[in-house]
Amino acid sequence: MVLYNLYSSLENIWLVAECINCLSEHSVSNTTLYFIDRLNQSQTCFDKYQQVNHTELCVECRTSYKILNDLYSNMSKNRSLCIDVEDAMNATRRLWSKDFKCLLTREENVPVIAVSCFMLFLPLIFYLSSYLHSEQKKRKLIH
Numbered sequence: 001m002v003l004y005n006l007y008s009s010l011e012n013i014w015l016v017a018e019c020i021n022c023l024s025e026h027s028v029s030n031t032t033l034y035f036i037d038r039l040n041q042s043q044t045c046f047d048k049y050q051q052v053n054h055t056e057l058c059v060e061c062r063t064s065y066k067i068l069n070d071l072y073s074n075m076s077k078n079r080s081l082c083i084d085v086e087d088a089m090n091a092t093r094r095l096w097s098k099d100f101k102c103l104l105t106r107e108e109n110v111p112v113i114a115v116s117c118f119m120l121f122l123p124l125i126f127y128l129s130s131y132l133h134s135e136q137k138k139r140k141l142i143h
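Residues in the sequence shown are numbered consecutively from 1, following the UniProt record's numbering.
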């Protein structure tokens with residue numbers, strides 16, 4: 001009974017952690033190996049520039065981090081993540097944003113911000129043009 005409970009618990013951990021997504025047959029999948037390689041490249045870059053100011057680290061390691069982040073996003077879309085990959089990426093993102101205070105600008109935010117600003121000023125432009133083009137009636141004060 002004890003062995004069965006232990007086996008069931010371990011099997012449950014295996015299923016919940018989605019370990020099967022990181023493996024193919026009896027070895028680590030190529031996608032996971034590529035992710036680990038990119039992760040190691042990012043970590044090497046972080047270690048190299050960590051002693052200097054963090055601004056230089058953000059500039060020099062940006063490409064490596066962006067490739068790793070894009071790879072993780074693609075793996076997430078393809079549902080090929082396991083808990084080890086998720087944990088490694090969470091730790092890397094925490095280093096990048098909290099410890100090094102780096103930002104990864106997103107190009108898709110620029111159009112959203114531009115349209116939002118336009119929509120914000122649209123009523124102002126409408127009321128201003130309405131005021132300028134309307135005939136102003138002069139009010140006569142009655143004494």
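All residues carry an ideal CB built from backbone N, CA and C; glycine is no exception.
Going by DSSP, which residues form a beta bridge with residue i?
| i | result |
| --- | --- |
| Ser24 | Ser27 |
Just to confirm, are residue i and residue j a CB contact at a threshold of 7 Å?
| i | j | result |
| --- | --- | --- |
| Ser80 | Asn21 | yes |
| Tyr65 | Trp96 | yes |
| Phe35 | Val85 | yes |
Please go through the same chain and pick out, in chain order, the residues whose beta-carbon is closer than 6 Å to the beta-carbon of residue i, but skip the five residues on each side of it.
| i | result |
| --- | --- |
| Cys19 | Cys82 |
| Asn109 | none |
| Leu132 | none |
| Val52 | none |
Between residue i and residue j, which are expected to be in contact by the criterion C-beta below 8 Å, what is the C-beta distance as a whole number of angstroms?
| i | j | result |
| --- | --- | --- |
| Arg38 | Leu71 | 6 Å |
| Thr44 | Met75 | With a Cβ gap of about 21 Å, Thr44 and Met75 do not count as contacting. |
| Leu104 | Asn69 | 7 Å |
Spatial neighbours of residue i within its chain, please: C-beta separation below 7 Å, excluding the five flanking residues on both sides.
| i | result |
| --- | --- |
| Ala88 | Leu39 |
| residue 144 | An answer regarding residue 144 cannot be provided, because it is not within the stretch 1 to 143 covered by the chain. |
| Glu56 | Tyr49 |
Taking 6 Å as the cut-off, does the CB of residue i come closer than this to any heavy atom belonging to the ligand NAD?
| i | result |
| --- | --- |
| Met119 | The ligand NAD is not among the ligands present in this structure, which contains no ligands whatsoever. |
Can you find the residues in the same chain that come closer than 8 Å, C-beta to C-beta, to residue i, ignoring five residues on each side of it along the sequence?
| i | result |
| --- | --- |
| Ile73 | Per the sequence shown, the amino acid found at residue 73 is Ser instead of Ile. Closer than 8 Å at the Cβ level, and outside the excluded window around Ser73, lies no residue. |
Quiz item: Can you find at least 3 beta carbon pairs, one from the stretch 92-101 and one from the stretch 24-31, that sit closer than 8 Å?
Solution: Under the 8 Å Cβ criterion, the stretch 92-101 does not count as touching the stretch 24-31, having fewer than three qualifying pairs.
Quiz item: Below 8 Å, can you find three or more Cβ-Cβ pairs linking the stretch 54-68 to the stretch 96-114?
Solution: yes
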